[in-house]
Structure formats: structure tokens, C-alpha cells
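Which chain is which? The protein sequence lines are A and B, in order.
The first sequence begins at -13 in the numbering used here and counts up one residue at a time.
The second sequence begins at -13 in the numbering used here and counts up one residue at a time.
Protein chains: 2
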Amino acid sequence: MKPLDGVRVLDASHVVSGPVCCWLLAALGAEVIRIEPPGGDHTWRTKPVVGPDGEHRDVPGPRDIAISPLRRGRGKRSVVLDLKREEGRDLFVRLLATCDVLVENAVPGAMERLGLDYDSLAPAHPRLVYCSITGYGDDGPYRDRPSMDLVVQAVSGLMAKTGFPDGPPTKVGATIGDQVPALFAALGVVAALRQRDREGRGQRVDVAMLDSLLTLLWDEPIDDFAAQGLPERIGNGDPRGAPLDVFTTRDGYAALVLTQDAQWSQLCDIMGRPELRTRYPDYRARLADREAVNAAVAAWCREQTTDAAVEKLLALGIPAGPVRSPYDAPQDPHVLHRGSLQRLRHPDRSEPTDFLGPALPIRLSRADGDTSPAEPLGASTDAVLQDLLGLEAQEIARLRKTGALG
Amino acid sequence: MKPLDGVRVLDASHVVSGPVCCWLLAALGAEVIRIEPPGGDHTWRTKPVVGPDGEHRDVPGPRDIAISPLRRGRGKRSVVLDLKREEGRDLFVRLLATCDVLVENAVPGAMERLGLDYDSLAPAHPRLVYCSITGYGDDGPYRDRPSMDLVVQAVSGLMAKTGFPDGPPTKVGATIGDQVPALFAALGVVAALRQRDREGRGQRVDVAMLDSLLTLLWDEPIDDFAAQGLPERIGNGDPRGAPLDVFTTRDGYAALVLTQDAQWSQLCDIMGRPELRTRYPDYRARLADREAVNAAVAAWCREQTTDAAVEKLLALGIPAGPVRSPYDAPQDPHVLHRGSLQRLRHPDRSEPTDFLGPALPIRLSRADGDTSPAEPLGASTDAVLQDLLGLEAQEIARLRKTGALG
Chain A
-13 MKPLDGVRVL DASHVVSGPV CCWLLAALGA EVIRIEPPGG DHTWRTKPVV
37 GPDGEHRDVP GPRDIAISPL RRGRGKRSVV LDLKREEGRD LFVRLLATCD
87 VLVENAVPGA MERLGLDYDS LAPAHPRLVY CSITGYGDDG PYRDRPSMDL
137 VVQAVSGLMA KTGFPDGPPT KVGATIGDQV PALFAALGVV AALRQRDREG
187 RGQRVDVAML DSLLTLLWDE PIDDFAAQGL PERIGNGDPR GAPLDVFTTR
237 DGYAALVLTQ DAQWSQLCDI MGRPELRTRY PDYRARLADR EAVNAAVAAW
287 CREQTTDAAV EKLLALGIPA GPVRSPYDAP QDPHVLHRGS LQRLRHPDRS
337 EPTDFLGPAL PIRLSRADGD TSPAEPLGAS TDAVLQDLLG LEAQEIARLR
387 KTGALG
Chain B
-13 MKPLDGVRVL DASHVVSGPV CCWLLAALGA EVIRIEPPGG DHTWRTKPVV
37 GPDGEHRDVP GPRDIAISPL RRGRGKRSVV LDLKREEGRD LFVRLLATCD
87 VLVENAVPGA MERLGLDYDS LAPAHPRLVY CSITGYGDDG PYRDRPSMDL
137 VVQAVSGLMA KTGFPDGPPT KVGATIGDQV PALFAALGVV AALRQRDREG
187 RGQRVDVAML DSLLTLLWDE PIDDFAAQGL PERIGNGDPR GAPLDVFTTR
237 DGYAALVLTQ DAQWSQLCDI MGRPELRTRY PDYRARLADR EAVNAAVAAW
287 CREQTTDAAV EKLLALGIPA GPVRSPYDAP QDPHVLHRGS LQRLRHPDRS
337 EPTDFLGPAL PIRLSRADGD TSPAEPLGAS TDAVLQDLLG LEAQEIARLR
387 KTGALG
């Protein structure tokens, strides 16, 4: 049993935000049908690809799947329809009539031009939850601007807030401009389904990449920071805590956030600096001399390995951890225990591949977390048209000749 | 009408992740009762505070609310209970019996010590959705470690993946180690409520900060990057696109992501470099000489103002935008049009304050997006005990004397 059992989603999205949103819905139990144009989006053409006989970097065959679709396509059936052809659009609308949710992240105006925007579809599909993810949302002066992760990180102010005061604005090392909107979209879809359960009607879910990143940023009092004249970006420390920073160790870096006076007192002992306990007895005293407090901890950390420093800090109950390489997680005992990363599977292979993707990071005690593997592009075109629309093989062959089917 | 009408949430959380999760649930229509210890968490003691007569930085009075609770407390009632006292725990459990959801983000083990963990409560409350947000989740070797945003950014590898190859690991300039788990938790809660609507039973929702950030990071093929020997962090560009970077302009920076060959061709004209169109006719050719392609665009950008460069790029349909200060958003015409930032309200004042908080970034066409303002600490203690538990004023006065109530 899963939370979204019985929900069918048409995933008419491409690249990152829409496909990630629909992967989350699939992992929560929805039946997801991914609609793609002939050839698929560009993620199908990245290398390596995984096929029935293993991975390679050659021209992909019909059963080969690149890593991104292997990851974001988990739990989805793949159908190829050409929405630029009238027969393709017709099949799309007939499929939509059997679905509860549509997710799209087309460039602004594209769904209107196809006649597949919310206002065109809603009258005939009043129960439909129609979710759009766009750069700037469905109204406002920037509505028609194309966007991308890098662009919305820049426009939102997140890039200018990340980095060091004497360095340049810095991109976040994960595609959060796509993935955070994907998460808000999934939340909006599930919430709208609940509202529909109560009142019987679907609605439009409009998620903007810009709004999503502003929501993250403005959970801090940005306007008060501006009024205080604080620099836009402050590196790894925080003027609101001491010690609170990332410190260089003998072999790397350790992050620590000390909040309790009793822990500071014990840390002074461990550092062999008992005089600091009386000099900075509480949070206010430490904050008033923040640079000296951080410098004392920095001097101590420089003499330790990262592991030794973190172990001593954790033994005092201080939130601390090593700055680890992004490449370390697959070997981490905790990540392995939790199964936080999953070996991706190919449907033609009994053994999982060696490529990893994230497990759904929502652990539900009464729901199974597993999904079916991704499918090769268009692998379910015929089956879905047969199962959901009752099309005969002959009719499917005819439609394929028109170019409407992949 | 709102999606979560009729859902009652007990928000027994503190600081960032739990309160943000419950703000999202409140903005989606849930009735949220925030339970706090006497004095509240430390966010109540940050300055400035807003009171009936305006903002100030003095000692807070009983109706004063600091900016963080003013923002994260939107849509919530505030009740003060001391869970360290038996009478406080007893009231908590009686309130819980009237609720659908509990959200907590206590340090590992704290809810067990209070007898308020999932296993203790579930037998008597089989319909309860119990959501925990912790650093490392409910099992595994790091289960008992305390964590914080900075620490999980470090441990997940996100910090080592953010920044420039010749610079240090870099903290993301928003508290995504707290807020992304808050989002997954909200999604898990709403999904679990839907499952309960179907099968009648609640469940545990276990969200780890570490899993949440790994999910963001591992939407890229990190293992393939490792196999290729790519550096951990790559600055603002991306080896998978050209031109794709943040470029210095005459007065700032502009971000651009070019994906279409036709746009490249037009850009070469605009840059006065028609020879580059034939030298790099397609994506593969540009990627093979990525540094030269980026250098050509960099030279052009250096001669433009940011606004002029972005305007010309957008006119070609190229996703582009200015790198803006985090302080710019409140004046942005698009942000103003969308109402992406809201003036926070104090319940004792008819006019909103000048402090801003994010609006819910999920725009629902059939749901009202407004919430009530946050309340002063403990403002609804008596009313909630009267309304939900039917306590008489005399009994409330007796309990207050024990110290169980704030």
C-alpha cells in the first residue's frame, strides 16, 4: 500500500523539474505515464547509457537508457507521442481524460500554442489537477521569460548570497533551482488531490522557480540584514553564533555549530583553554568577541584530524561533522544502512546497475518505498494506448504511420 | 476553501525545519497548534521584535513577536506547555488525541525520554500521522548525532560541491539543510493523510536532513562524475554546456544558459563575431572548445551593462538573468506583481509591518492563499485548552500554578 495508490499522473514534462516532481509522485504510489516527443528530451542523449548487456558510451540502441532517465524515470511508463501532430494531441487529450493529474514544465506559451493549457482543458476535465512549473509563474511581467536553474539562482539573489565576501557570487552545487520547485509542485499536487477528494473539483497548481528560491532565502530576515548593512554573502560562518563556522583541520575541514554554554565550557577544557570559559561565559560574551572565539577553535582544529575533531565535538553533544566529498556518500555506513542511495535498475537486467540514485527521502512506516525501474523510451506506447484507450493493434499501426506515435 | 481544511496539526517543533513544515501545512489550510515550552525557543529572543506599537530592539513584552516567529508562526495558534512536567505531558497527549498530525524535530532520543515517541503514542492513536525531522533519521549508526543546517551541508557533500575548484568548500546561502527536509516532511504528511483517508490508519513519517540533501545532490550522476575524475566543485559553469556560465559585465554579473544552435547563431551576430557561427556550428563543436566559446561571450559581456546584456539575450529567447543582490527582490516589479513576498502582520496592528516573509510558492487556482498572523507566545493557551479539551477556567488556573502551562 502506498499513499497515492489509485492516482494516475500524465507526466508531460522534460529535463529536470517536471520529471523529478513526477518521480516523487511515483515513489509515493502514483501510476505515472511519461509522455515524450519522438527521440525524447536531451537527457536521453547523455552518456553513458545502460542497456540489456551493460553500460556503454556508444550510440544508444532502442533498449538503452541514459543515467538521468534511468533515475528520474523510476516508477514511470514511457509513451512517445508527437504533440505537434493533431493525432498526437488527440491521443494526449484522450489519455488525459483517464488521468487525475497533468504535470508540465514547457517554456511559457508552449502549452497554449498546442491548445493544451489549463484554460483550454479545464472545462472538459473539471476534476483535473493541472500543475505547471515555470521560471516565473503564470502572471507578472517576467511571465514569458525562459529560465533555467543557473538563471533563477542568479535572479533570486541566492547566488549573490552564496560565497565569501571577498569572492564572487557562487552557484549552489546542486540543481536546487529545478528541484525545489519540483518539491513544491509535488506538495501542491497532493494537496490539490486532497481538496478534490472533498469538493470534487481539480485546479491549477502554478509553481514558479523564482518564488520557490525566494521562499528558501526569505526564511531568514533578509530585509533586516539589509537594514543592518550586512554584506550580501558571509562565507561559511554566521554572525549570529560563535563558534559557528567551518574550520580547517590537519587533513580537511570540520563544521560545527555550538549553541549551549555548557558545551562551550567543556570544549574549553578539551582545547586546553580553560581561561576562555571565564572570559566568554555565555552566548552574548562569545558573540561580542566572535572573531577571537572562532580563532581559538580554529587553532585547536588545525592540530586535529577531521575525524578526531568531529569525534571529540560529538562526544560533547555539539552538532558537528566532517566536510565530505560528494563522492563519499556511497561508502558511508549510515547511508548504506538507510539505503539512502539505491542502485538503479534496468528492466532487462536481473541485477541492479552500479549507478546510484536517491531513494525517496520520506520514510513511511506503512508504505512500501520501492518502484519499478525506468523504461526504455516509448516502451509502453502500445500497451498504454491498448490498456487505457482500448485501441486495437491495427489502429495503433495506422497512427504510427502518421508519425503521431514513437 | 483550502486543501487541508479539517486537518489539525500539533506543531511540537522548534527553530527552523519543523516550524517551516507546519507553516506550509497551515498555508495549505491545516489548523496548526504550536506547542512551545515556557519562554519559547531561541527564535523568540532574536531582535528586532514587533509589538502593538511598532518594532523595537528592547526586552520583549508579552505581546511582542520576533521576526522569525512572526514569519514561521503564520496561520498557527500558540500554546505554552511544559513537557518536562507530568501535567504538561498529560495535556499534550489529550490535545494530540484531537489532532490528525504531530510534527516534531527534537534532538534524537528526546521524545522517547518524554514518552512521546511514535511507538509510545501509536497504539492509543492509530490514526495519527507522526512526522519526525532529524539530522540522520530514525535508524543507522549516526541516528543519535545532533545536526544543524551547516553540519548536514558539510556531511552530505553539498558544501564540497559548492564553490570554485581553487577555493574552499562553500556553504549555500540559504538554510536548505533545514528547509528542504521541511518540504519533504510536508509532502510526507499530506501523502500520509491521503493514505489514511483510504485505509483509516496513520503512520510514521521519518525525514532525515542528510537524506534530503543527498536527494538534491544525487539527481546528478555524481558517481559518473567521480569515475570521470571531475573535480568536486566546478564554480559557476558546467562542463555540459557552452556557453553556460556567469559572466562579468560592466556593472555586475549575468547568468546565461544557451542550449539551441539557432540561438548561438544569432548571438554570434549580436556579438559581432559571425565567424564563430561557422567555427562552432553545433553543441558538440562548442562543447569541444568550451573555454574559447565561454571566453568569446565573456569578452562581449564585459562591454555591456548587466541589464543590456540580459535584454539582448532574452530577446533571442536565451535563458538569461542578472545576478541580483538578495536585497533586490522587494523592489522587483515581478515579485511585487506576484506577491511572492508578503508584509508580515501582527495581530494587534491593523496595518502590516514592513518586514517581509515568503508567500506560499504554490499558487492554487481554487484555494485561498491567506493565513492569519502569528500569535504572541502562548496567546492561545487558555483558548485551546477550553475549546479542544473543555477545561474550565478554574482548572486552567490550577494547572498554571503547577508550572505546566505558560
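For glycine and all other residues, C-beta sits at the position ideal for the given N, C-alpha and C.
Distance, residue j Cα to residue i Cα
i	j	result
A:Val193	A:Asp210	27 angstroms
A:Asp(-9)	B:Ser106	28 angstroms
B:Val243	A:Val35	24 angstroms
A:Leu199	B:Glu381	47 angstroms
B:Asp293	B:Pro308	7 angstroms
A:Tyr128	B:His320	6 angstroms
B:Asp314	B:Met97	42 angstroms
A:Thr234	B:Gly159	20 angstroms
A:Arg75	A:Arg31	25 angstroms
A:Glu378	A:Arg63	19 angstroms
A:Leu10	A:Thr156	28 angstroms
B:Leu69	B:Lys33	27 angstroms
B:Ser133	A:Leu300	10 angstroms
A:Asp340	A:Asp318	16 angstroms
B:Pro267	B:Asp247	7 angstroms
A:Asp334	A:Val65	18 angstroms
A:Leu391	A:Pro24	8 angstroms
B:Val87	B:Ala281	55 angstroms
B:Val176	A:Gly126	30 angstroms
A:Lys252	A:Asp224	The question names Lys, but residue 252 of chain A is Gln in the sequence shown. A:Gln252 and A:Asp224: Cα-Cα distance of roughly 22 angstroms.
B:Glu400	B:Asn91	Outside the shown range of chain B, which is -13 to 392, sits residue 400 of chain B, and nothing can be said about it.
A:Ala52	A:Leu375	29 angstroms
B:Leu173	B:Gln290	44 angstroms
A:Asp356	A:Arg331	11 angstroms
A:Gly434	A:Leu196	Here chain A covers residues -13 to 392 and nothing more, so residue 434 of chain A does not appear.
With 16 other Cβ atoms within 10 Å as the buried cut-off, status of residue i
i	result
B:Val45	exposed
B:Glu361	buried
A:Thr388	exposed
A:Asp255	exposed
A:Arg349	buried
A:Trp218	A small correction: the amino acid at residue 218 of chain A is Glu; Trp does not occupy that position in the sequence shown. Buried.
A:Lys(-12)	buried
B:Val358	What sits at residue 358 of chain B in the sequence shown is Ser, not Val. Per the 10 Å Cβ criterion, exposed.
A:Ser54	buried
A:Glu337	exposed
B:Glu22	buried
A:Arg288	exposed
A:Ala60	Before going on, a small fix: residue 60 of chain A reads as Arg here, not Ala. Burial call: buried.
B:Arg99	exposed
B:Asp103	buried
B:Pro207	buried
A:Asp39	exposed
B:Asp373	exposed
Expected contact under 8 angstroms - CB spacing of residue i and residue j to nearest Å
i	j	result
A:Ala353	B:Pro312	Rounded, the Cβ-Cβ distance is 38 angstroms, inconsistent with contact.
A:Val1	A:Asp27	6 angstroms
B:Leu346	B:Arg329	About 15 angstroms; that fails the 8 angstroms criterion.
B:Val296	B:Ala285	With 8 angstroms as the limit, B:Val296 and B:Ala285 do not qualify as a contact, their Cβ atoms being about 17 angstroms apart.
A:Phe150	B:Leu169	With 8 angstroms as the limit, A:Phe150 and B:Leu169 do not qualify as a contact, their Cβ atoms being about 27 angstroms apart.
Handout entry: the region 156 to 171 of chain B contacting the region -2 to 17 of chain B, beta-carbon criterion three pairs below 8 angstroms
Key = Result yes; three or more Cβ-Cβ pairs closer than 8 angstroms.
Can you list, in chain order, the residues of the region 309 to 323 of chain B whose Cβ is nearer than 8 angstroms to any Cβ on chain A?
-> Residues are counted here when their Cβ sits less than 8 angstroms from a Cβ of chain A; for the region 309 to 323 of chain B these are Val309, Arg310, Ser311, Pro312, Tyr313, Asp314, Ala315, Pro316, Pro319, His320, Val321, His323, given in chain order.
Notebook entry, point to check: Would you say the region 106 to 122 of chain B touches the region 177 to 193 of chain B, given that touching needs at least three Cβ pairs under 8 angstroms?
Noted result: Touching, yes.
- Message: I want to know whether the region 197 to 215 of chain B touches the region 11 to 20 of chain A - three or more CB-CB distances under 8 angstroms.
- Response: Using a Cβ-Cβ distance cut-off of 8 angstroms, the region 197 to 215 of chain B and the region 11 to 20 of chain A are not in contact, since fewer than three pairs of beta carbons, one from each stretch, lie closer than that value.
Worksheet entry | contact_flag[the region 260 to 267 of chain A, the region 324 to 338 of chain A] where n(CB pairs < 8 angstroms) is 3 or more | Using a Cβ-Cβ distance cut-off of 8 angstroms, the region 260 to 267 of chain A and the region 324 to 338 of chain A are not in contact, since fewer than three pairs of beta carbons, one from each stretch, lie closer than that value.
For the pair the region 78 to 86 of chain A and the region 103 to 112 of chain A, tell me if three or more CB-CB distances fall below 8 angstroms. With the cut-off at 8 angstroms, the region 78 to 86 of chain A and the region 103 to 112 of chain A touch.
Q: Check whether the region 174 to 184 of chain A touches the region 125 to 145 of chain B, taking contact to mean three or more Cβ pairs, one atom from each stretch, closer than 8 angstroms.
A: Under the Cβ criterion (8 angstroms, minimum of three pairs), the region 174 to 184 of chain A does not count as touching the region 125 to 145 of chain B.
Query raised in the report: For the region 273 to 298 of chain A, which residues have a beta carbon sitting closer than 7 angstroms to at least one beta carbon of chain B?
Result: If the cut-off is 7 angstroms between Cβ atoms, the region 273 to 298 of chain A has nothing near chain B.
query = Quick one: any contact between the region 224 to 231 of chain B and the region 271 to 278 of chain B, if contact means 3 or more CB pairs under 8 angstroms?
reply = With the cut-off at 8 angstroms, the region 224 to 231 of chain B and the region 271 to 278 of chain B touch.
Which residues, taken in chain order from the region 66 to 88 of chain A, show a beta carbon closer than 8 angstroms to some beta carbon of chain B?
Correct list: empty, as no residue qualifies.
What residues from the region 141 to 154 of chain A come within 9 angstroms of chain B, judged by C-beta to C-beta, listed N to C? Contact annotation: in the region 141 to 154 of chain A, residues whose CB is within less than 9 angstroms of a CB in chain B are Val141, Ser142, Gly143, Leu144, Met145, Ala146, Lys147, Thr148, Gly149, Phe150, Gly153, Pro154.
| Taking Cβ-Cβ distances below 8 angstroms as the criterion, which residues of the region 38 to 57 of chain A are in contact with chain B? | Correct list: Ile53, Ser54, Arg57.
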